[in-house]
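Residues in the sequence shown are numbered consecutively from 584, following this note's numbering.
Below: the structure, in structure tokens.
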Amino acid sequence: MNQHEPIIKRVKLLLGLNSLITAGLIVLLLLSFVRQDISDNESSLTLIENVTYPQNYDEPASSVGDDSTMMDGLSPPPTSSNDIEATVLGRIALVIDDLGYSSSSVTVLGLMDLPIPLTVGIIPGLAATSAIAEIAEERGHEILVHVPMEAVGEREDTEPVVLSGSMGLTEFQEFMSVVEQVPHAIGLSNHQGSAATQDTELMRNLALWCSHRGWIILDSITHPGSVLYQQAIDQGVQAFKRDLFLDHHPESDSLRARLGDAERLAINRDRPVIIIGHPRATTLSVLQEEIPRLMEQGIEFVRLRDTLPAKIPMAVRGER
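Below is the structure:
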């Protein structure tokens with residue numbers, strides 16, 4: 584037996600033990616790393632669970648803009664179909680005529696403050712003509728000159744100027760110079776005029792005058808024999824016709840019925856329903872009540888010019 588064999592066996596044994604110890608240390612070291620990773624991941628998960636995202640979150644708020652105050656006071660996103668803007672099912676152009684007598688009455692100002700775009704017909708040459716035109720313009724409403732015209736039969740005219748078929752050329756030009764003084768006007772309509780609107784030559788001259796200025800024409804149709812609309816079309820003028828009178832009968836129930844008629848008509852055709860009202864307290868009251876309902880039902884309120892083709896220019900007052 585070699586005298587060194589016991590020593591060699593001891594060395595091998597020690598080496599084996601050292602290997603086991605080393606392996607054990609390596610395992611312990613790896614386990615410590617794994618535990619640390621698990622701990623870190625659990626912490627991260629806890630942080631993520633505590634984050635609250637807004638509904639329908641799409642992108643960071645920083646993309647909205649540089650001003651952080653833009654986010655203050657914002658309403659929460661819609662959570663039901665009732666909060667989503669209704670689909671437009673029909674359109675109504677609401678015209679308020681016979682303005683110009685007052686710019687400070689509660690009724691007139693209430694109409695100007697309705698939460699919809701209006702077309703307003705302002706009578707020329709009255710005490711408040713310019714003032715109410717400025718108020719209407721400031722509120723974004725559309726302005727037509729509501730031209731007083733001769734009616735059938737004898738009657739006392741309350742307006743300073745009335746368009747008549749008996750006018751000569753000079754009188755006509757003087758009359759139209761008053762019409763043209765209404766600020767911000769983009770067109771005209773007829774006030775009364777059951778006689779004048781049946782006069783083909785007079786309506787042709789009126790349409791030509793509007794054509795030279797790029798004005799639109801609204802035929803109020805105060806008589807079934809009116810030729811104003813047709814003469815406007817013949818002279819290349821963008822023209823409209825009244826569909827309904829809102830307050831011919833001024834009782835509240837009648838007004839609501841007429842608005843219901845306008846709603847049904849608007850839903851069943853592809854162009855706006857043109858309905859004409861006047862500055863009366865009951866008219867204002869019913870409109871304040873019914874407009875929100877109509878909008879919820881899918882009715883959009885528009886001005887006449889909002890329905891014009893893009894190629895139709897809007898002329899500046901006085902443009903030749």
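Don't be surprised by glycine CBs; every beta carbon is placed ideally from N, CA and C.
Give me the Cα-Cα distance between residue i and residue j, rounded to the nearest whole angstrom.
{"i": "Val920", "j": "Met732", "result": "In the structure displayed, the chain extends from 584 to 903; residue 920 sits before or after that span and is not available."}
{"i": "Glu883", "j": "Trp792", "result": "32 Å"}
{"i": "Ile699", "j": "Val885", "result": "8 Å"}
{"i": "Ile874", "j": "Thr753", "result": "45 Å"}
{"i": "Gln814", "j": "Asp782", "result": "10 Å"}
{"i": "Thr702", "j": "Gly673", "result": "17 Å"}
{"i": "Ala711", "j": "Ser685", "result": "5 Å"}
{"i": "Asp681", "j": "Thr670", "result": "33 Å"}
{"i": "Lys824", "j": "Asn788", "result": "19 Å"}
{"i": "Met759", "j": "Asp802", "result": "17 Å"}
{"i": "Met786", "j": "Val810", "result": "7 Å"}
{"i": "Thr662", "j": "Glu879", "result": "With a pLDDT of 32 at Thr662, under the threshold of 50, the predicted position of this residue should be treated as unreliable, though the coordinate-derived value follows. C-alpha separation (whole angstroms): 17 Å."}
{"i": "Leu827", "j": "Ser868", "result": "19 Å"}
{"i": "Thr890", "j": "Ser777", "result": "27 Å"}
{"i": "Met750", "j": "Glu757", "result": "10 Å"}
{"i": "Glu721", "j": "Asp836", "result": "32 Å"}
{"i": "Ala719", "j": "Met695", "result": "6 Å"}
{"i": "Glu872", "j": "Gly723", "result": "21 Å"}
{"i": "Thr866", "j": "His774", "result": "19 Å"}
{"i": "Pro707", "j": "Pro855", "result": "27 Å"}
{"i": "Val691", "j": "Leu709", "result": "15 Å"}
{"i": "Arg839", "j": "Tyr812", "result": "28 Å"}
{"i": "Ser713", "j": "Glu784", "result": "30 Å"}
{"i": "Phe755", "j": "Glu763", "result": "12 Å"}
{"i": "Ala687", "j": "Ile804", "result": "This sequence places Ser at residue 687; Ala is not what is there. If I take the Cα positions, the gap works out to 29 Å."}
{"i": "Ile667", "j": "Gly693", "result": "Because the pLDDT of Ile667 is 38, which lies under 50, any placement of that residue in the model is unreliable, and the question is left without a value."}
Mind checking who residue i pairs with in its DSSP beta bridge?
{"i": "Asn773", "result": "Val730"}
{"i": "Ala815", "result": "None; Ala815 has no bridge partner."}
{"i": "Asp802", "result": "Lys824"}
{"i": "Pro725", "result": "According to the sequence displayed, residue 725 carries Glu and not Pro. Note: Glu725 sits in a beta bridge opposite Thr702."}
{"i": "Leu746", "result": "Met732"}
{"i": "Phe884", "result": "Ile675"}
Could you tell me the boundaries of the beta strand (DSSP E) in which residue i lies?
{"i": "Ala779", "result": "Per DSSP, Ala779 belongs to no beta strand (DSSP E) and is neither H nor E."}
{"i": "Gly704", "result": "Thr702 to Ile705"}
{"i": "Val856", "result": "Val856 to Gly860"}
Do residue j and residue i have their beta-carbon atoms positioned less than 8 Å apart in this structure?
{"i": "Ile705", "j": "Val744", "result": "no"}
{"i": "Arg888", "j": "Glu717", "result": "no"}
{"i": "Ala779", "j": "Leu746", "result": "yes"}
{"i": "His806", "j": "Asp830", "result": "no"}
{"i": "Val730", "j": "Ser772", "result": "yes"}
{"i": "Ile859", "j": "Val689", "result": "no"}
{"i": "Ala864", "j": "Gln818", "result": "no"}
{"i": "Trp798", "j": "Gly843", "result": "no"}
{"i": "Ala849", "j": "Ile675", "result": "yes"}
{"i": "Ile715", "j": "Gly748", "result": "no"}
{"i": "Leu877", "j": "Leu697", "result": "no"}
How would you write the range of the alpha helix (DSSP H) that residue i sits in, first residue to last?
{"i": "Gly843", "result": "Ser835 to Ile850"}
{"i": "Ala676", "result": "Careful: Ala676 lies outside any alpha helix (DSSP H), inside the beta strand (DSSP E) at Gly673 to Leu682."}
{"i": "Glu763", "result": "First-last for Glu763: undefined, no H or E at that position."}
{"i": "Val810", "result": "Here Val810 belongs to no alpha helix (DSSP H), and DSSP marks it neither H nor E."}
{"i": "Gly693", "result": "Val689 to Met695"}
{"i": "Leu870", "result": "Ala864 to Glu879"}
Under the rule that 16 or more other beta-carbon atoms within 10 Å means buried, what is residue i, buried or exposed?
{"i": "Val728", "result": "buried"}
{"i": "Ile800", "result": "buried"}
{"i": "Glu846", "result": "buried"}
{"i": "Ser646", "result": "In this predicted model, Ser646 has a pLDDT of only 27, less than 50, meaning its place in the structure is not dependable enough to derive any value."}
{"i": "Arg852", "result": "exposed"}
{"i": "Arg841", "result": "buried"}
{"i": "Gly808", "result": "exposed"}
{"i": "Ile816", "result": "exposed"}
{"i": "Glu642", "result": "Low confidence applies to Glu642: its pLDDT is 27, below 50, so where it sits in the model is not reliable, and the reading given next is rough at best. Flag for Glu642 reads exposed."}
{"i": "Ser627", "result": "Below a pLDDT of 50, predicted positions are generally treated as unreliable, and Ser627, at 39, falls in that range; the measurement from the model is reported next regardless. Looking at its Cβ environment, which holds fewer than 16 other Cβ atoms inside 10 Å, Ser627 is exposed."}
{"i": "His832", "result": "exposed"}
{"i": "Arg796", "result": "buried"}
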